Every structure is written in C-alpha cells, then in structure tokens.
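Here the structure is laid out as structure tokens; the discussion comes afterwards.
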Amino acid sequence: MRPSDFVLCLLDASRGSIQGRTLLQKRAYFVSVLMGEDESLGFTAHYYGPYSPMIDSAVTQLKSLGFIDEATVGFGTVSDEGFEVKRYDYRLTDDGRRIVEVVKKANQDEWQRISEILGRLEKAGNPNYVELSFAAKAFFVLRTKKKAMKREELIREAKSFDWKIPAASLERAVSLLEQVGLARSS
Amino acid sequence: MTARLEIRDPIHGFIHREPHEQDIIDTPVFQRLRRIKQLALATLVYPGAVHTRFDHSLGAFHVASKVAAKLLDSSTDTRLVRLAVLLHDIGHGPFSHVSEEILDKFAVRERLRLEPGRQVHEELTEKIILNHPDLARLLSPNEREHVVGLLNGQWGDTVLKSIISGPLDVDKQDYLLRDSYFCGVKYGVYDLDRLTENLRVHEDGEDRFLALSHDGVHVLEQFVLARYYMTTQVYRHRVRLISDEMIVRGISLGIVEDKIDWLRRLYTYDGSADFVTEYLAWNDERLTARILEQDTREGYAKELFRRLSERRLLKRVFFCRPSDFEDPEIRARIFQGGKEFLTALEAAVGRQLGFDPHLVAATRVKVKSVRAQAATTEGQVIVLTTNGPRYFDQESSLFKSIDEAIQEQFLEIYAPVEYKDDKEKKRRRREFYDDITGIIKGLANPQSKLFDTKDAGGNEA
Chain A
62 MRPSDFVLCL LDASRGSIQG RTLLQKRAYF VSVLMGEDES LGFTAHYYGP YSPMIDSAVT
122 QLKSLGFIDE ATVGFGTVSD EGFEVKRYDY RLTDDGRRIV EVVKKANQDE WQRISEILGR
182 LEKAGNPNYV ELSFAAKAFF VLRTKKKAMK REELIREAKS FDWKIPAASL ERAVSLLEQV
242 GLARSS
Chain B
5 MTARLEIRDP IHGFIHREPH EQDIIDTPVF QRLRRIKQLA LATLVYPGAV HTRFDHSLGA
65 FHVASKVAAK LLDSSTDTRL VRLAVLLHDI GHGPFSHVSE EILDKFAVRE RLRLEPGRQV
125 HEELTEKIIL NHPDLARLLS PNEREHVVGL LNGQWGDTVL KSIISGPLDV DKQDYLLRDS
185 YFCGVKYGVY DLDRLTENLR VHEDGEDRFL ALSHDGVHVL EQFVLARYYM TTQVYRHRVR
245 LISDEMIVRG ISLGIVEDKI DWLRRLYTYD GSADFVTEYL AWNDERLTAR ILEQDTREGY
305 AKELFRRLSE RRLLKRVFFC RPSDFEDPEI RARIFQGGKE FLTALEAAVG RQLGFDPHLV
365 AATRVKVKSV RAQAATTEGQ VIVLTTNGPR YFDQESSLFK SIDEAIQEQF LEIYAPVEYK
425 DDKEKKRRRR EFYDDITGII KGLANPQSKL FDTKDAGGNE A
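For the protein sequence lines, the chains are A and B, in the order given.
Using my numbering, the first residue of the first sequence is number 62, and each one after it goes up by one.
Using my numbering, the first residue of the second sequence is number 5, and each one after it goes up by one.
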C-alpha cells in the first residue's frame, strides 16, 4: 500500500478527519505497527515521537491534489511539554472521498485492518495526541532496544532519543500499549 | 613551528586547515572532486556554474570549522566534525546527484542486501571512507568509523549530527551562497556570519540540541527563503531538469538499449572493491568524452550526449498542474500513478506525435512550500526564547503568517522538437498541449489498466 493510500484510508476510517498533525502521525504509527508496515513507512525518532517523513510527504501531496484539506487552529498558548501551540486539522474533501472509494476497492483487506485497529484504539479510551505520543515513544524505545524494561529504565533509555517521558504519563502509556496488545507487564 | 595553511575561496575568503586535513585534500581520491561539477550541466543555463564538489567540500568544511569553534568544547569532536564535512561528498560520481539515480536504478538491491531507503551512493561513500587506501593511510580505523557514523547519523550526539545534517547544516550554509555566486544570481544570498553567530547548543538536563538564539530568527527567515528561491530559480530550472533527464536517459538507454558494456559495469554496483576503484576513475568530462568517442557505438547514449555537448536540448512540449484536471481520478493517476503510467505516456506521445518514444521524457516535479522548506526530515529549527525553546515557524512573524503548506507539483514532457520560428513554436505548442491533454485523459481513464498501486516517482525539492 502506498503511503498516500494509507493516509486516505486512515482519514476515512477516522470518520473523515483527524485533529492535529501529531495525532495523525501517531495514529499512523500505531496502525502501521499493528499491520507490520511501520518499517516500510520509515518511522524515525522525532521530537514529538516516532515520525514518518513518508506520511508527511503523502499528506502534502494529497493536499496539493485537492484530496484533503488542512485547516490551522491557533491556541495562542504554549504547552509545558513542548507540544503544538498551533494545530493542523485534516479533512477529506469531496474529491478525496471519491478517491478513497477507489483506494478501498483496491485495498479492501488493508482498509478493514486499519478500521479494526482504530476501533481498538477507540476502545482503549480514544487517546488524545499527547497520550498517543508518549505511548508511541515508549513502544519505539522498547522495540528499538529489543528487550523488556522496568519503567525507570525505559524513561532513561528514552533520553537517548532526546525524549522526556514523565513517570505519570508513562503509566497511561503502558496501559494503552497493553490494551492494544503491544506490551505486557510482568 | 608549522606554517598555517590557507586557501583563498571566493565565498569565505581564507580557508585554514590543519596539516592532516591538507594531507587528505592532497590525496587523489579527494582531488578527483575537482573534476565533478557541483551542479552537473547547470552551465547550460548559468555559464558561470563551473564550480565543483571540491570547492564546495572546502567551503562546507570552512563553515563547519567556524561552527565547531563556536559550539564544541571537545577537540576530538571538533576534529571529527571537520573531517566528516570535508569528506561528505567523497562518493560523488560523474554529474554529481544525477549519477545517484542511475546507480539506484541498476543496483541489484536484493543481492546487496540494502536496507529499505538505503541509497547506493551512501553505501559507496561509506566504503570509500572506510576502505580507500588514500584515507586508510591518514586516518585511524576508529576515526574513519566515527566519520562514517556522523555522516549516516548512527554515531555522535545530536549537536554534532545537526551540524552535518539537518535544517541548519553546514552543507546548505555553503552551497546556497556558492551556487548563487557561481550561477550569478542573488537568490541564495543570506547573512552567514549572523546565522553562525546566533547558533547555540541548548542544554536541558541530559538533553543537548542545536538551536538558534532569538536574535537569529530574521536571518533564518532569510536562509529559508534563500533555499526556496534557489530551488525554484536554479535547482528546478526547466533547462536544468531537461539536461539532468537527458543525462539519466542517455546513460540508462546506453546500458539497456545500446548495450554498452563498460557503461553497464560502471553503473551496476555489486559491492566489490573493484567496482569502487573503477567508479572513482570517472568524472563528468571523461564520461562525456568516452561516450562521444568514435569507437562507442551509435545509439541513444551518443545521440543524447551529442545533443548535450552542442546544447541541442529536448524541449518542453507539455506542462500541467493538478488543478488543470477537474476529475480527481484522472488527477490521481497523473500525479500518483506508478512509473508505468509515465512510460506509457511517453510511448503514446511518441507514437501519436511522431517522436522516438525513448526520446520523450515525462517527469513529475515537486517543489515544497516555503513553510515546508523551514524543516527537513531531521526536524525543525528550535529557537531559544525567554519562555523556553520554540519551533521556528511559531516564532517567525513571517512564517507564522504562511499557514498553507502547499506543495507545488507539475508534470512536464520533453521531446526532440525543433521550431522554425516563434510563430511555429506558438502554434505547435498549442497543438501539443491539446493533443497531449487528450492522450493523458485517455490513459488516465478509470477503465485503463494503468492505475497501479505502486508509489509515484518524482523529483522533489
């Protein structure tokens, strides 16, 4: 599946819109991990957590083709955790909805899978972008280091990616990873 | 006392280097960069663009030295950063970046076990730094490993890596000024001293990263705009796109259609030391001269390189943007269809308009928006404010106002057409536009089997 088709299906399965660039990237990350596609989408460690330049580039291309709209929402405030003060919201346009139907037809299994994974995330409390971001960082560290870790070790290892994960946020992150079947506490 | 070594450079004035750095510059493997032009055949548009990878390597090295002197405490880190930047372009082949595309096209990736996204020229650069006898003689194995690690991002702290690759890297800091100067344009000019002066290492607990002081916001705006204008006016200039396409096509067709054996060997990377030795023996002039030699068989390679040397270029016969097509399915096929779509388009245009299809080139070009130019895949620039670190596009009044990150993309078709005069040119271009629009609509029709699921290719800036 090409990155642009993946983004179109992700938006479609998110009821046609996603609020925030970080939320889009993190949903894309979890969906691609659970589909076994995260490597082919080139996720790397970025300030906000795992980030795929290919997804970013696909979003830009889809905008220029008129298939998705980007709206900017300014908040005028700054989060202590360094998260977005300006949010970019994405929505499928009418032309985009038409293209999604073509893409879904050609990629029925993938679309079903994306939809099912997003349903799982929703059941896990429909995490916002901050929660997803910490969970994504924690999972990225676990996967990269390829070993089980205690919470303190995980926080320490995250620093090697220039990430700070507050202990309280890690609790929610671990619970989220457990609920979607990506981690197990022992 | 050892005399201080210096070179006079048109961009930076005196470039100072240490004796061990001079030894590297004096090696044949480094000197060959004098014979590889920085911007391939940009001389066909800007006759002054004769500068080389050699000049640029020295220029980037000079900027790296200044930045390292300002930001780094460790002499080992400084030494390694200077060496990494000096050697960053050592793997460039004939016609610089143009060769990279051909290497990737002909390498047998499965046999080489290249990771996804890994490019052949990156692998070649690493092999040269790690194994070339010229460098092995001058640098310890540890130094060579660390230089390679800095260049591929696998070793070194965030600050060191950001000096080498990232939105503020010294590569861009040099090439924008240098390319601008040699092309004779002013688009790439920005205040280098001001930018360097405002670079900071921000430390937050154990975290360290490269940032910009708040006073540097305006010079960064200038730097980002310089990148944008150089992209639209120089790097994506129509004649440059055409000449690059002709080089790629000439070499590719020389291998596939003309079956020129030495050309195939030169571009079929097999991971061997022999390949590297042979590859390093070639440069822009030697490749052109060899293709045009009498004993090279007549064919596409010779035809295209002859045209390049006489500046009889293919001409643009068609240009469109996504908004030119109302039907979203047609738009998707034109701009997202796989390479097969472009090949079929070239064949159909050739067939219907009477050109040799191999000499018709359809290419998609993308230019990032100015806002997107402010960041790279390595991330955005962080600006240090009194309220803490902030992203550049939120601190710059200019960039804050650019909300839409629109990417420009277009499809262009080039063909070997000649016009008698302007009148004929106007008439035929109108005809080409109508005919090719019809061909595209036919090919991009939803019933056509050409709509595949492979990713679209394109030149992105």
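Quick reminder that beta carbons are idealized off the backbone N, C-alpha and C, glycines included.
Note that the structure is a prediction, hence the values are computed from the model and not measured.
Residues of chain A with a CB under 8 Å from the CB of residue i: which are they?
{"i": "B/Ala336", "result": "Leu126, Phe128, Ile160 and Val163"}
{"i": "B/Ala376", "result": "Thr121"}
{"i": "B/Pro326", "result": "Ser125, Leu126 and Gly127"}
{"i": "B/Gln411", "result": "Thr121, Gln122, Lys124 and Ser125"}
How many angstroms separate the CA atom of residue i from the CA atom of residue j?
{"i": "B/Tyr273", "j": "B/Val174", "result": "29 Å"}
{"i": "B/Phe18", "j": "B/Arg12", "result": "5 Å"}
{"i": "A/Phe144", "j": "B/Gly392", "result": "Confidence at A/Phe144 is low in this model, with a pLDDT of 49, below 50, so its placement is unreliable and the value that follows should be read with caution. Each residue's Cα considered, the two are about 13 Å apart."}
{"i": "B/Asp288", "j": "B/Leu107", "result": "15 Å"}
{"i": "B/Glu168", "j": "B/Leu199", "result": "In the sequence on display, residue 168 of chain B carries Ile and not Glu. Distance between the alpha carbons of B/Ile168 and B/Leu199: 15 Å."}
{"i": "A/Trp172", "j": "B/Glu330", "result": "26 Å"}
{"i": "B/Val243", "j": "A/Lys184", "result": "55 Å"}
{"i": "B/Val102", "j": "B/Leu37", "result": "15 Å"}
{"i": "B/Glu127", "j": "B/Glu105", "result": "14 Å"}
{"i": "A/Glu142", "j": "A/Asp117", "result": "At A/Glu142, the pLDDT of 49 sits below 50, so the modelled position is not reliable; the number obtained from the coordinates is stated separately. Between A/Glu142 and A/Asp117, the C-alpha separation is close to 22 Å."}
{"i": "B/Ala348", "j": "B/Ile386", "result": "46 Å"}
{"i": "B/Asp211", "j": "A/Lys220", "result": "7 Å"}
{"i": "B/Cys324", "j": "B/Pro332", "result": "14 Å"}
{"i": "B/Asp328", "j": "A/Glu131", "result": "21 Å"}
{"i": "B/Gly341", "j": "A/Leu193", "result": "33 Å"}
{"i": "B/Leu76", "j": "A/Phe222", "result": "20 Å"}
{"i": "B/Cys187", "j": "A/Gln169", "result": "51 Å"}
{"i": "A/Ile79", "j": "A/Cys70", "result": "12 Å"}
Let's test the definition: count the other Cβ atoms within 10 Å of the Cβ of residue i and tell me whether it reaches 16, buried, or not, exposed.
{"i": "B/Lys41", "result": "buried"}
{"i": "A/Ser65", "result": "buried"}
{"i": "B/Ala140", "result": "exposed"}
{"i": "B/Leu116", "result": "exposed"}
{"i": "B/Gln413", "result": "buried"}
{"i": "B/Asp248", "result": "buried"}
{"i": "B/Gln35", "result": "exposed"}
{"i": "B/Asp183", "result": "buried"}
{"i": "B/Arg434", "result": "exposed"}
{"i": "B/Ser401", "result": "exposed"}
{"i": "B/Ala46", "result": "buried"}
{"i": "B/Thr235", "result": "buried"}
Let's see if you can read the secondary structure: which residues bound the alpha helix (DSSP H) around residue i?
{"i": "B/His60", "result": "Arg57 to Leu75"}
{"i": "A/Tyr108", "result": "That residue, A/Tyr108, is in no alpha helix (DSSP H); it is neither H nor E in DSSP."}
{"i": "B/Lys343", "result": "Lys343 to Leu357"}
{"i": "B/Asp438", "result": "Asp426 to Leu447"}
{"i": "B/Val421", "result": "Unbroken run through B/Val421: none, as it is neither H nor E."}
{"i": "B/Arg117", "result": "Premise fails: B/Arg117 is in no alpha helix (DSSP H) and is neither H nor E."}
With residue i as the anchor, note down where its beta strand (DSSP E) starts and where it stops.
{"i": "B/His20", "result": "Gly17 to Arg21"}
{"i": "B/Thr389", "result": "Ile386 to Thr389"}
{"i": "B/Pro393", "result": "Gly392 to Tyr395"}
{"i": "B/Glu207", "result": "Leu203 to Asp208"}
{"i": "A/Gln80", "result": "Ser78 to Gln80"}
List, in chain order, every chain B residue whose beta-carbon is nearer than 7 Å to that of residue i.
{"i": "A/Ser65", "result": "Gln340"}
{"i": "A/Asp156", "result": "Pro332"}
Going by C-alpha to C-alpha distance, which of the options sits closest to residue i?
{"i": "A/Arg233", "options": "A/Arg76, A/Arg159 and A/Gly186", "result": "A/Gly186"}
{"i": "A/Leu231", "options": "A/Lys208, A/Lys207 and A/Leu203", "result": "A/Leu203"}
{"i": "B/Ile28", "options": "B/Leu76, B/Thr82, B/Ala88 and B/Arg39", "result": "B/Ala88"}
{"i": "B/Ala376", "options": "B/Ser79, B/Arg242, B/Pro171 and B/Arg115", "result": "B/Pro171"}
{"i": "B/Asn156", "options": "B/Leu91, B/Arg204 and B/Pro98", "result": "B/Leu91"}
{"i": "B/Leu388", "options": "B/Glu207, B/Ala448, B/Tyr232 and B/Val353", "result": "B/Glu207"}
{"i": "B/Ala230", "options": "B/Ile386, B/Leu216, B/Tyr194 and B/Asp262", "result": "B/Tyr194"}
{"i": "B/His24", "options": "B/Asp397, B/Leu245, B/Ser144 and B/Arg38", "result": "B/Ser144"}
{"i": "B/Leu9", "options": "B/Glu435, B/His66 and B/Arg204", "result": "B/His66"}
{"i": "B/Arg253", "options": "B/Phe339, B/Ala419 and B/Leu134", "result": "B/Ala419"}
{"i": "A/Val68", "options": "A/Gln240, A/Arg148, A/Tyr109 and A/Ile160", "result": "A/Ile160"}
{"i": "B/Arg86", "options": "B/Thr367, B/Val152 and B/Ser100", "result": "B/Val152"}
{"i": "A/His28", "options": "A/Gly242, A/Lys207, A/Lys198 and A/Thr205", "result": "Residue 28 of chain A lies beyond the residue range present for chain A, which begins at 62 and ends at 247; the question has no answer from this structure."}
{"i": "B/Glu22", "options": "B/Leu284, B/Ala365, B/Arg83 and B/Arg294", "result": "B/Arg83"}
{"i": "B/Arg3", "options": "B/Val280, B/Arg432, B/Phe396 and B/Arg294", "result": "Coverage of chain B is limited to positions 5 through 465, which leaves residue 3 of chain B absent and any answer about it impossible."}
{"i": "B/Glu314", "options": "B/Pro326, B/Leu296, B/Ile444 and B/Gly303", "result": "B/Leu296"}
{"i": "A/Tyr149", "options": "A/Asp73, A/Thr83, A/Val235 and A/Ser93", "result": "A/Thr83"}
For the ligand ATP, is there any heavy atom lying closer than 6 Å to the beta carbon of residue i?
{"i": "B/Phe323", "result": "For the structure depicted, the ligand ATP is absent and the ligand set is empty, with no information on it obtainable."}
Report the neighbours of residue i on chain A: residues whose CB is nearer than 7 Å to its CB, in chain order.
{"i": "B/Pro14", "result": "By Cβ distance, chain A contributes nothing, its closest Cβ being about 35 Å from B/Pro14, past 7 Å."}
Could you tell me which chain A residues have their CB closer than 9 Å to the CB of residue i, listed as they occur along the chain?
{"i": "B/Gln158", "result": "Correct list: empty, because the minimum Cβ distance to chain A is about 12 Å."}
Who are the neighbours of residue i on chain B, taking C-beta pairs under 8 Å?
{"i": "A/Thr83", "result": "Correct list: empty, because the minimum Cβ distance to chain B is about 12 Å."}
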